[in-house]
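Read the structure below first, then the notes.
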Amino acid sequence: MTSIYRRIRVFCFCFVVLPFVNCVTQNLWQTHQTISFYDYKRPSMSKMKILQKKIILS
Numbered sequence: 010m011t012s013i014y015r016r017i018r019v020f021c022f023c024f025v026v027l028p029f030v031n032c033v034t035q036n037l038w039q040t041h042q043t044i045s046f047y048d049y050k051r052p053s054m055s056k057m058k059i060l061q062k063k064i065i066l067s
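If you use the working numbering, the sequence shown corresponds to residues 10 to 67, in order.
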């Protein structure tokens, strides 16, 4: 009796859970390809000078 339940669990895992995980992985991969998660914006020189003055005065 327990072997039947084990087979049912394996069947559910292989044909329900694994395709779902595969689909989620593909969607995340496509999102990663289209969107840059690292978007660096260089600060302007005037802001950098203000920061330097604050550091020197501290």
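Where a beta carbon is used, it is the ideal one built from N, C-alpha and C, also for glycine.
Secondary structure at residue 65: helix, using DSSP grouped into helix, strand and coil. Rounded to whole angstroms, residue 18 and residue 39 show a C-alpha spacing of 31 Å.
Rounded to whole angstroms, the separation of the alpha carbons of residue 53 and residue 59 is 10 Å.
In the three-state DSSP reduction, residue 12 falls in the helix class (H, G or I).
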